[in-house]
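Protein chains: 2
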Amino acid sequence: MIIRLDMQSDLPIYTQLMNQIIEGIASGELKPGEDLPSVRSLASDIGVNLHTINKAYTLLKQEGFIQIHRQKGVVVNPDGMPGITPEYEQKQAEQFRPMIAEAICRSMDKERLLQIVESLYEDISHGEKENA
Amino acid sequence: MIIRLDMQSDLPIYTQLMNQIIEGIASGELKPGEDLPSVRSLASDIGVNLHTINKAYTLLKQEGFIQIHRQKGVVVNPDGMPGITPEYEQKQAEQFRPMIAEAICRSMDKERLLQIVESLYEDISHGEKENA
DNA sequence: CCATCTGTTATATTTGTAGTATAACAGACA
DNA sequence: TGTCTGTTATACTACAAATATAACAGATGG
Chain A
1 MIIRLDMQSD LPIYTQLMNQ IIEGIASGEL KPGEDLPSVR SLASDIGVNL
51 HTINKAYTLL KQEGFIQIHR QKGVVVNPDG MPGITPEYEQ KQAEQFRPMI
101 AEAICRSMDK ERLLQIVESL YEDISHGEKE NA
Chain B
1 MIIRLDMQSD LPIYTQLMNQ IIEGIASGEL KPGEDLPSVR SLASDIGVNL
51 HTINKAYTLL KQEGFIQIHR QKGVVVNPDG MPGITPEYEQ KQAEQFRPMI
101 AEAICRSMDK ERLLQIVESL YEDISHGEKE NA
């Protein structure tokens, strides 16, 4: 799992980390039960502070993507990913809405928008056909 | 145009303002050439500082959604909205990507995701059939 | 002509978040 | 007993968001 940080981004480092781990899980690169690096090793690997990693891990744990065991380490949640809760649906809609509004302003066809979303969906859950 | 601010939101006030104005344009509630309130009057209306409004307006102007005339005021860009530039396409993909990745993690069908996006698209550019 | 409106610019201050730097603690484990 | 794990606490720097004033420049209407 290669972590790529953009120090010039307006996104906080811990958010970039969360996004990349979630995308790693979505793509199948990270599988349930798989170990993640310790806060200290990952911190020194990518050259940031331990607390920055810890913040990303803690938030990912709160949302149910990973488990943190005191002395063992961090793993992708072996019990499976969180489902589609009402709270998630609401958060998702709130995030999508302004982006779709801008697309409409710029006269983007509904079909083109859907095509872009579909294309990203395929791209993220990519060729990795690893059916057992 | 009713502005609704959530002071508890993690989104900055000026971002919420930008989002609502863009959605207003997308829905047809705000039409090209239409006047927007002055920075001072809007600020006192919704109870925030003049500079907060000014920041939102300045950013909207930079992106081409509105025009600001020194002594006259602020109007929705009468020359039409900005188009679909390569920079916009890239920004859009960067914003969509982590959200779609999370949807995949949560086992959301591609069809369901597309349905949600389509539904939001229709909802924003809603019934307002005002064809000339 | 003058008051009043417009956006604009400049400072200063407060508050909260992001990130870093250390340090220490507690449990597991070889 | 070291050494690894996450956890907690504290302190500090840096920056963004938001506010509070104040002043300037151009346009406009009475």
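Which chain is which? The protein sequence lines are A and B, in order.
For the first sequence, the UniProt record's numbering gives the first residue as 1, with consecutive numbering after it.
For the second sequence, the UniProt record's numbering gives the first residue as 1, with consecutive numbering after it.
In this text, a Cβ means the ideal position worked out from N, Cα and C, and glycines have one as well.
- Per-residue DSSP class, three states only, for Val48/A: Looking at Val48/A - three-state DSSP - the assignment turns out to be coil, as it is neither helix nor strand.
- Query: Using 7 Å as the limit for Cβ to Cβ distance, is Ala56/A near chain B?
  - Reply: No, because no Cβ of chain B sits closer than 7 Å to the Cβ of Ala56/A.
- Query: Of the choices Gln71/B, Ala56/B and Lys72/B, whose alpha-carbon is the least far from that of Phe65/B?
  - Reply: Closest by alpha carbon: Ala56/B.
- In terms of alpha-carbon separation, which member of Tyr121/B, Pro12/B, Ser125/B and Lys110/B lies closest to Leu113/A? For the options Tyr121/B, Pro12/B, Ser125/B and Lys110/B, the alpha carbon positioned closest to that of Leu113/A is the one of Tyr121/B.
- Query: Secondary structure at Ile73/A, three-state DSSP: helix, strand or coil?
  - Reply: Going by the sequence as given, residue 73/A is Gly instead of Ile. DSSP places Gly73/A in strand when its eight states are reduced to three.
- CB-CB under 7 Å to Gly80/A, same chain, minus the five flanking residues each way: which ones, in chain order? Answer for Gly80/A: Pro32, listed in chain order.
- Message: Any beta carbon from chain B within less than 7 Å of Lys72/A's own beta carbon?
- Response: No, Lys72/A does not count as interfacial toward chain B.
- Can you tell which of Gly24/B, Gln16/B, Leu59/B and Asn49/B has the C-alpha that lies nearest to the C-alpha of Glu34/B? Distances from the CA of Glu34/B to each of Gly24/B, Gln16/B, Leu59/B and Asn49/B were compared; the closest alpha carbon is that of Gly24/B.
- Task: Give the residues of chain B in contact with Gly83/A, contact being defined as C-beta atoms less than 8 Å apart.
- Result: Correct list: Arg106 and Ser107.
- So which residues of chain B does Leu36/A contact, with C-beta pairs closer than 9 Å? The contacting residues do not exist; Leu36/A stays about 15 Å from chain B at best.
- Message: Quick test of the definition: if touching needs 3 or more C-beta pairs under 8 Å, does the stretch 83-97 of chain A touch the stretch 68-86 of chain B?
- Response: The stretch 83-97 of chain A, when compared against the stretch 68-86 of chain B, does not touch it at the 8 Å Cβ threshold.
- Task: Compute the Euclidean distance between the alpha carbons of Ser107/B and Gln92/A, then round it to the nearest angstrom.
- Result: Just so you know, the alpha carbons of Ser107/B and Gln92/A end up roughly 14 Å apart.
- Message: I want to verify the contact list: residues of chain A whose CB lies under 7 Å from the CB of residue 143/B, in sequence order.
- Response: Chain B is shown from 1 up to 132; residue 143/B falls before or after that span and cannot be answered.
- Query: Which residues in the same chain as Ile22/B place their Cβ atom closer than 8 Å to its Cβ, once the five residues preceding and following it in sequence are excluded?
  - Reply: Non-local C-beta neighbours of Ile22/B in its own chain, meaning closer than 8 Å and more than five positions away in sequence, comprise Leu60 and Phe65, ordered along the chain.
- Item | Cβ neighbours of Ala103/B in the same chain (closer than 7 Å, five flanking residues each side left out) | Same-chain partners within the cutoff: Leu113.
- Message: Against Glu29/A, what residues of chain B qualify as contacts under a CB-to-CB distance less than 9 Å, listed in chain order?
- Response: Result: empty, since nearest Cβ-Cβ is about 11 Å, beyond 9 Å.
- Message: Just to make sure I have the definition right: I need the residues of chain B whose C-beta is within less than 8 Å of the C-beta of Glu23/A. Which are they?
- Response: Chain B residues near Glu23/A: Arg97, Pro98 and Ala101.
- Can you check whether the CB of Gln67/A is closer than 7 Å to the CB of Asn77/A? Yes. Within cutoff.
- Task: Specify, as a first and last residue, the run of the alpha helix (DSSP H) that Thr9/B falls within.
- Result: The amino acid at residue 9/B is misidentified as Thr; the sequence shows Ser. Neither: Ser9/B is in no alpha helix (DSSP H) and is coded neither H nor E.
- Spatial neighbours of Val48/B in its chain, beta-carbon cut-off 7 Å, leaving aside the 5 residues before and after: Within the same chain, Cβ atoms closer than 7 Å to the Cβ of Val48/B are found at Ile13, the five residues on either side in sequence being excluded.
- Task: Name the residue from Asp6/A, Asn54/A, Pro98/A and Leu50/A whose alpha carbon lies nearest to the alpha carbon of Thr15/B.
- Result: Restricting attention to Asp6/A, Asn54/A, Pro98/A and Leu50/A, the CA atom closest to the CA of Thr15/B is found in Pro98/A.
- Query: Would the beta-carbon of Phe96/B be found less than 6 Å away from any heavy atom of the ligand MG?
  - Reply: As far as ligands go, the structure on display features none, and thus does not contain the ligand MG.
- Report buried or exposed for Ile2/A, applying the criterion of at least 16 other Cβ atoms within 10 angstroms of its Cβ. When all chains shown are included, Ile2/A counts as exposed.
- Message: Using 7 Å as the threshold, is the C-beta distance between Leu30/B and Val39/B below it?
- Response: Taking 7 Å as the cut-off, the Cβ atoms of Leu30/B and Val39/B do not count as close.
- By how many angstroms is the C-alpha of Ser27/B removed from the C-alpha of His126/B? Each residue's alpha carbon lies about 6 Å from the other.
- Item | Under 7 Å by beta carbon: chain A residues contacting Tyr88/B | Correct list: Arg106.
- Query: Mind checking whether Val74/A and Leu17/A have CB atoms under 7 Å apart?
  - Reply: In this structure, Val74/A keeps its C-beta atom at 7 Å or more from the C-beta atom of Leu17/A.
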